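Below is one structure, written out as structure tokens; comments come after it.
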Amino acid sequence: MRIGLVTYKPEKVEGYDLHVYYSKWTDGQAFPAAKGMQNDVTVLCDAKAIREDPSLVAMSNTGPALRKNRRSNLAFDFVCPTHPAYRAKALNYIEGLSQENILGVTLNLYHFPDQEYCVCSRCVEKWKQSGLSWTQWRAQTVTELLQEAKERIKGTFAVEIYPDPVLAKERYGLDLDAIGDLVDYFHVPLSSRDYLTNYWTIMLARDFAASLKKPVVVELSAEMPTDEKLEALLKTVAYISRHKLDAVLLLVHDSENARQVCRYAVNNNDLRDWLEKYDFGEMNRIIDGWTKQY
Ligand SMILES: [Zn+2]
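The opening residue of the sequence shown carries number 224 in the working numbering; numbering runs sequentially from there.
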């Protein structure tokens, strides 16, 4: 199992094998490609674009896909997946990244906000013309968007998925079987403020490792200011390392935050003994690697 980072800065950090850089954010900010790294692009969540043109937003019968519409518990503002001009702009950005010397592209938030979206007149018209069920049409719409993106992407192609192993297709239009034919790996964010309660993390990591047809990379939040939270994070990484994962990615504020995780692990003899005692060989191998650099 590899250990990697998800970062907001285009910098590699010693001790990590895989580097994922957020090159386009949910607020609409888009940055130049990070060379030699996996560039992670938010596709349909774009608060800035929706502010500039409110007609872009995905719609439900109870209002738009905006954070301020609290009938839907959305963390971001979503553009309608069939808006032709927005799609073209997003795909152009992805194509531009791929012209640089990057490792590959990961896409996130390229799907419907939830089951009741999108009922704008364009989507309803397309759905009726398709002759498909609501669920099938929405899944096909998302898969086609990924197919179009894949044609423009050079290198490793990955997608993030909402961590719902049961209703992903009905709610978000994520046909994980069809998407598995397109991607090199799945990136599953299991974000939390801490992992002091971690059973759900281990359960979902195991579910996805067992059910997806391509390699699985799990992302955990590592913006941990306290020793207690760092300890819980590292033990959670140890538990999920027992399942068939290609990598665990740590989401950090910055490079110093990433180094803090390594130094904590290297200097914590109790943690090393605990990992040894309970046979977490894979995790001990990762920390052994860190001892050479930290
Ligand atoms: Zn729509």
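Beta carbons: idealized from backbone N, C-alpha and C, even for Gly.
Keep in mind that this is a model prediction, so the values were computed, not measured.
Since I believe residue j is in contact with residue i (beta carbons under 8 Å), could you give me their beta-carbon distance rounded to a whole number of angstroms?
i    : j    : result
V484 : V471 : Going by Cβ atoms, the distance from V484 to V471 rounds to 11 Å, so no, they are not a contact pair.
D417 : A455 : 6 Å
F409 : F380 : Not a contact, Cβ separation roughly 11 Å.
F335 : C341 : 6 Å
N331 : T424 : With 8 Å as the limit, N331 and T424 do not qualify as a contact, their Cβ atoms being about 19 Å apart.
A270 : T249 : 7 Å
A372 : K392 : With a Cβ gap of about 19 Å, A372 and K392 do not count as contacting.
V489 : T514 : 5 Å
Give a yes or no on whether the minimum CB-CB distance between residue i and chain B is below 8 Å.
i    : result
E371 : Although the question refers to chain B, the structure presented lacks it and comprises just one protein chain.
For residue i, list the residues DSSP reports as bridge partners.
i    : result
V280 : V302
E275 : DSSP output for E275 lists no bridge partner at all.
T329 : D263, A381
S444 : L474
V342 : Its beta-bridge partners do not exist; DSSP assigns none.
G286 : S283
A253 : K247
V439 : F409
Considering only the alpha carbon of each residue, which of the options lies closest to residue i?
i    : options                : result
S414 : D469, Q261, L427, P307 : L427
E234 : A253, N262, R225       : N262
Y231 : R495, L474, W497, Y487 : L474
V531 : A433, Q352, P438, V489 : Because the chain in this structure spans residues 224 to 517, residue 531 falls outside the shown range and cannot be described.
V243 : A281, E275, R495, V440 : V440
Q338 : A313, E371, T285       : T285
A298 : R310, L267, A313       : L267
I463 : E505, D496, A481       : E505
N315 : R290, T358, K247       : K247
T364 : S434, L241, V347, P388 : V347
P277 : D300, R293, A256       : D300
G238 : I384, R394, N480       : N480
G251 : L457, M282, E275       : E275
V328 : V406, K436, S478, K452 : V406
D404 : T420, D493, W360, T366 : T366
M224 : K467, D496, L453, S434 : K467
Q516 : I384, Y487, Q322, V389 : Y487
D400 : E374, Q359, T420, W513 : Q359
G378 : E451, L419, G354, G259 : G259
E451 : V280, E318, N491       : N491
E323 : R375, Y422, K500, V489 : R375
K312 : D469, L368, I226       : L368
E442 : Q370, P412, R465, S283 : P412
F254 : I317, H306, S353       : I317
W357 : A257, Q370, D240, R394 : R394
N507 : D477, L457, D469, T305 : L457
K436 : E446, R465, I509, P388 : P388
H306 : N292, K349, L320, K291 : K349
G227 : A281, A445, L419       : A445
R429 : L453, T420, R465       : R465
L453 : D398, S283, N421, A308 : N421
S321 : V229, A256, D493       : A256
Quick one: give me the first and last residue of the beta strand (DSSP E) that residue i is part of.
i    : result
T265 : 261 to 265
G227 : 225 to 230
Y245 : 241 to 247
L472 : 470 to 474
How would you write the range of the alpha helix (DSSP H) that residue i sits in, first residue to last?
i    : result
L413 : First-last for L413: undefined, no H or E at that position.
K312 : 307 to 321
K452 : 450 to 463
R429 : 422 to 434
K392 : 391 to 395
L399 : 399 to 405
Inside the segment 350 to 379 only - alpha helix (DSSP H) runs reaching at least 4 residues: Whole alpha helix (DSSP H) segments, 4+ residues: 357 to 375.
Unbroken stretches of the beta strand (DSSP E), 3 residues or longer, contained in the segment 466 to 511: Within the segment 466 to 511, the complete beta strand (DSSP E) runs of at least 3 residues are 470 to 474.
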